[in-house]
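Since the structure comes first, as structure tokens, the remarks are kept for the end.
Numbering (our numbering), first residue to last: 4 to 86.
Next comes the structure, spelled out in structure tokens:
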């Protein structure tokens, strides 16, 4: 595992009512959700980034209002019609 160090002003931690560990965990999750939403990571890889199971990641997607499907409804329908 790669270990990284970032410096963060105390203000954002206080504004978010987070301790450093909670902030890091939330930061990893939010980054993973966004990268998944941008279709840069699969659910499995995004869950790895977030440090959670795939099921927990899918649940987090719902909390952040991100669809667990990377295909649009139209794409899903078109694919179903082809079969």
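For every residue, glycine included, the Cβ atom is placed at its ideal position computed from N, Cα and C.
- Using a Cβ distance threshold of 8 Å, residue 40 and residue 69 count as a contacting pair.
- Excluding five sequence positions before and after residue 73, the CB atoms of its chain that fall closer than 6 Å to its own CB belong to 42, given in chain order.
- Per the coordinates, the alpha-carbon of residue 14 lies some 10 Å from the alpha-carbon of residue 21.
- If the five residues before and after residue 79 are omitted, its C-beta is found closer than 8 Å to the C-beta atoms of 72, all from its own chain and listed in chain order.
- If you keep only unbroken alpha helix (DSSP H) runs of at least 4 residues inside the stretch 29-86, you get 46-53, 57-66 and 76-85.
- For residue 84, the number of other beta carbons within 10 angstroms of its own is below 16, and it is reported as exposed.
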